[in-house]
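J.:
Chains as they are written, first to last, in this note's numbering: chain A, 4 to 293; chain B, 2 to 331.
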């Protein structure tokens with residue numbers, strides 16, 4: 004089992020990003036996803052900056068993959084996507100089928116990210132024929148769903164053509180909107196957002212009126228209020244999940260990586276903090292903990 | 002410019018046709034469509050009745066099969082396609098890549114529209130779905146009018162937009178908020194914030210709505226209590242309690258009708274298969290009149306106050322919005 008670092012979903016200043024990726028280079032993470040996946044207005048790091056970080060990580064022995072955006076609405080955003088597709092060196096994670104379309108036209112392999120709607124073996128087979136080499140299943144699916152897909156005879160002959168990855172740690176990306184909720188929380192419109200996401204390096208907490216944390220606002224993205232944490236499910240993933248993804252958090256990401264690695268076989272289980280959930284994997288409501 | 006109206010039952014379907022719909026869209030009585038609600042939708046026999054009735058009146062029937070097929074019951078989605086084709090549907094509204102591929106191969110002459118649940122918001126995504134020979138794309142409700150215009154200019158494919166009804170504020174087909182709270186989402190179960198998880202409680206005059214135990218909103222005695230759709234609840238951020246994601250409001254694009262017409266938008270979709278026949282009748286009547294007016298003299302189109310009055314009474318919280326079409330909403 005390998006571990007990956009997902010793209011940073013929050014808007015961090017450039018210096019903080021560089022520090023984080025130097026830590027990543029020194030860590031024993033296997034795979035690193037890089038890129039802005041949430042909002043095209045966030046430009047602390049530009050494409051060339053990401054490529055420079057990618058080189059640094061590759062030299063440190065990491066496999067690097069460029070993550071593209073999830074919600075493309077404007078032609079300018081597609082031009083930026085084109086740069087990712089044409090990067091010439093690194094595998095690209097598609098989070099919108101538009102990216103798959105461009106990658107396929109270039110004959111390039113791709114990772115289908117969790118926001119690609121691949122829910123069954125027939126869709127998976129089709130995507131493999133288009134160049135999919137790694138499948139990150141939608142975050143709302145369970146371990147049981149994953150095994151039901153992988154055990155279908157229709158994909159038996161292509162099972163060696165792709166690896167599987169599961170989002171295993173961090174606040175789950177649950178929705179994307181035309182509207183910016185962080186700007187709205189400051190009484191601004193998206194056009195006048197003044198890039199206020201940079202003030203919320205772990206997003207903004209949303210609580211119910213009786214105090215339950217329900218969501219986290221991250222610009223146009225809405226995340227789970229609970230932190231998703233599959234540290235105690237790793238041993239049940241054997242044979243089905245090749246890579247477990249940790250989504251960068253403001254702090255503690257690499258400490259949790261160590262805890263995950265220690266518990267691959269279930270020999271070092273961790274008490275699950277009350278702020279964590281694992282419901283989706285266990286076929287429960289996402290916010291539940293089982 | 003087509004007026005495409007919703008129907009969750011035969012009476013609603015008849016109301017839509019009688020009041021001027023050019024086409025009606027319906028779903029089957031299971032989780033193969035995104036309005037899988039108790040007591041709603043069409044079984045095989047009713048589906049045939051619907052097709053017969055619609056065709057007798059020279060109109061078209063669209064069948065939505067727009068959830069994502071489950072691994073162990075994929076056949077149900079295939080059967081839904083077979084059933085719709087067999088009943089004589091004119092159009093299938095599809096979202097799952099596997100179901101699109103099946104329909105394109107098995108029924109190449111049966112028109113395929115890309116469901117809003119497929120979440121195609123840009124020209125590259127539309128290009129992706131051309132492999133299934135789709136003839137129309139239903140655009141998600143996250144785009145501004147300017148973005149809709151750009152797509153209309155850059156894509157040589159028919160576009161359909163939502164004109165009126167409940168407003169999804171997230172990119173459809175990629176919203177998992179409902180399964181996060183309840184385990185059931187539009188993609189997997191064909192329902193958002195399902196009724197089975199809703200609970201109401203009166204606390205000394207304050208009405209509380211909950212979804213699977215989570216407090217979605219509190220209503221004072223003088224407030225109108227709305228259904229606890231989770232993205233329209235009042236929550237707290239910092240020290241402010243407000244509609245964090247969106248108010249309970251309905252999308253209403255009457256004001257944009259001349260622009261939508263000028264851009265060659267092929268179809269205006271009215272949301273609401275879960276609504277009553279009376280609702281469908283009223284809404285269809287207003288939009289029929291408005292579309293006829295814009296088709297007759299687009300340059301002199303004016304929104305009639307009586308249209309807006311009717312639509313306001315049919316709206317969530319009696320409020321309407323232009324939603325993402327209007328940049329300021331974002």
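Virtual Cβ for every residue (Gly too), placed ideally from N, Cα, C.
1) Can you list, in chain order, the residues of its chain whose CB lies under 7 Å from that of residue 180 (chain A), leaving out five sequence neighbours each side?
2) Please report the residue range of the alpha helix (DSSP H) in which residue 19 (chain B) lies.
3) Do residue 48 (chain A) and residue 17 (chain A) count as a contact pair if the criterion is CB distance below 7 Å?
4) Looking only at its own chain, which residues have a Cβ that is under 6 Å from the Cβ of residue 213 (chain A), when we skip the five neighbours before and after it?
5) Are the C-beta of residue 260 (chain B) and some C-beta of chain A separated by less than 7 Å?
6) Assign residue 254 (chain A) to one of three DSSP states: helix, strand, or coil.
7) Could you check whether residue 160 (chain B) and residue 153 (chain B) sit closer than 7 Å to each other, using their CB atoms as the reference points?
8) What do you reckon, is the C-beta of residue 116 (chain A) under 6 Å from a heavy atom of the ligand NAP?
9) Find out if the Cβ-Cβ distance for the pair residue 295 (chain B), residue 302 (chain B) is shorter than 7 Å.
10) Kindly list the residues whose CB is nearer than 6 Å to the CB of residue 65 (chain B), restricted to its own chain and excluding five residues on each side of it in sequence; keep chain order.
11) Measuring only the C-alpha atoms, how far is residue 96 (chain A) from residue 50 (chain A)?
12) At a CB-CB cut-off below 8 Å, which residues of chain B make contact with residue 103 (chain A)?
13) From B:214, B:259 and B:271, pick the residue whose C-alpha is nearest to that of residue 298 (chain B); which is it?
14) Below 7 Å CB to CB, which residues in the same chain sit around residue 275 (chain B) once its five sequence neighbours on both sides are set aside?
15) In whole angstroms, give me the CA-to-CA distance for residue 194 (chain A) and residue 5 (chain A).
16) Just tell me which of A:41, A:58, A:191 and A:129 has its CA closest to the CA of residue 164 (chain A).
17) Mind checking if residue 279 (chain A) is an interface residue toward chain B, Cβ cutoff 7 Å exclusive?
18) What three-state label does DSSP hand residue 98 (chain A) in the structure shown?
19) Could you say which of A:106, A:119, A:286 and A:139 lies nearest to residue 133 (chain A) if we only look at CA atoms?
20) Assign residue 193 (chain A) to one of three DSSP states: helix, strand, or coil.
21) Please say whether residue 206 (chain A) and residue 219 (chain A) have beta carbons closer to each other than 7 Å?
22) Closest to residue 35 (chain A) by C-alpha separation, out of A:257, A:272, A:281 and A:276, would be which residue?
23) Please list, in chain order, the residues of the region 172–206 of chain B that have any C-beta partner in chain A closer than 8 Å.
24) Do residue 81 (chain A) and residue 125 (chain B) count as a contact pair if the criterion is CB distance below 7 Å?
25) By the three-class DSSP mapping on this structure, what secondary structure does residue 133 (chain B) have?
26) Cutting at 7 Å between CB atoms, please list the residues of its own chain near residue 120 (chain B), excluding the five before and the five after it.
27) Would you verify that the beta carbon of residue 270 (chain B) is, or is not, closer than 7 Å to some beta carbon of chain A?
28) Can we say the region 149–159 of chain A touches the region 212–228 of chain B, given the rule of at least three CB pairs closer than 8 Å?
29) Spell out whether any CB of chain B is found under 7 Å from the CB atom of residue 90 (chain A).
30) Return the first residue and the last residue of the beta strand (DSSP E) that residue 237 (chain B) is part of.
31) Taking C-beta to C-beta, are residue 292 (chain A) and residue 182 (chain B) nearer than 7 Å?
32) So, at 6 Å on beta carbons, what are the nonlocal neighbours of residue 97 (chain B) in its own chain, with the 5 sequence-adjacent residues on each side left out?
33) Do you know offhand how far residue 215 (chain B)'s Cα is from residue 226 (chain A)'s?
34) Taking 7 Å as the limit between beta carbons, can you name the residues of its chain near residue 147 (chain A), skipping five residues before and five after?
35) Go to residue 216 (chain A), then tell me how far its beta strand (DSSP E) extends in each direction, as first and last residue.
36) Checking contacts by CB at 7 Å: is residue 230 (chain B) closer than that to chain D?
T.: Checking against the coordinates, here is how it stands:
1) Closer than 7 Å at the Cβ level, and outside the excluded window around residue 180 (chain A), lie 223.
2) Segment 11–19, the alpha helix (DSSP H) holding residue 19 (chain B).
3) Closer than 7 Å, so yes.
4) Hits under 6 Å: none found.
5) No Cβ of chain A is located within less than 7 Å of the beta carbon of residue 260 (chain B).
6) Looking at residue 254 (chain A) - three-state DSSP - the assignment turns out to be coil, as it is neither helix nor strand.
7) The answer is yes: Cβ separation under 7 Å.
8) This structure simply doesn't include the ligand NAP, nor any ligand for that matter.
9) The Cβ-Cβ distance between residue 295 (chain B) and residue 302 (chain B) falls below 7 Å.
10) Cβ neighbours of residue 65 (chain B) within its own chain (closer than 6 Å, five residues either side excluded): 26, 28, 34 and 94.
11) Rounded to whole angstroms, residue 96 (chain A) to residue 50 (chain A) spans 15 Å at the Cα level.
12) Contacts between residue 103 (chain A) and chain B, judged by CB atoms closer than 8 Å, involve 129 in chain order.
13) The shortest Cα separation from residue 298 (chain B) among B:214, B:259 and B:271 belongs to B:259.
14) If we look at residue 275 (chain B) and ignore the five residues flanking it on each side, its Cβ neighbours are 9, 36, 38 and 41.
15) Cα-Cα distance, rounded: 41 Å.
16) Of the candidates A:41, A:58, A:191 and A:129, A:129 places its Cα closest to the Cα of residue 164 (chain A).
17) So, not an interface residue.
18) Residue 98 (chain A): coil per DSSP, three-state reduction.
19) For residue 133 (chain A), the nearest C-alpha among the options comes from A:106.
20) Residue 193 (chain A) falls in the helix class under three-state DSSP.
21) In this structure, residue 206 (chain A) lies closer than 7 Å to residue 219 (chain A) by Cβ.
22) Among A:257, A:272, A:281 and A:276, the Cα nearest to that of residue 35 (chain A) belongs to A:257.
23) Cβ contacts with chain A: 172, 174, 175, 176, 177, 178, 180, 181, 182, 183, 184, 186, 188 and 189.
24) Going by C-beta atoms, residue 125 (chain B) is nearer than 7 Å to residue 81 (chain A).
25) Three-state result, residue 133 (chain B): helix.
26) The residues are 141, 172, 173, 174 and 175.
27) So, not an interface residue.
28) By the Cβ criterion, the region 149–159 of chain A is not in contact with the region 212–228 of chain B, since fewer than three pairs of Cβ atoms, one from each stretch, lie closer than 8 Å.
29) It does not: the Cβ of residue 90 (chain A) has no partner Cβ on chain B nearer than 7 Å.
30) Segment 235–238, the beta strand (DSSP E) holding residue 237 (chain B).
31) In this structure, residue 292 (chain A) lies away from residue 182 (chain B), with their beta-carbon atoms at least 7 Å apart.
32) So the list reads 69 and 70, once near-sequence residues are dropped.
33) Spanning the two alpha carbons is a distance of roughly 16 Å.
34) Cβ within range, chain order: 286.
35) Where residue 216 (chain A) is concerned, the enclosing beta strand (DSSP E) starts and stops at 216–221.
36) No chain D is present in this structure, whose protein chains are A and B.
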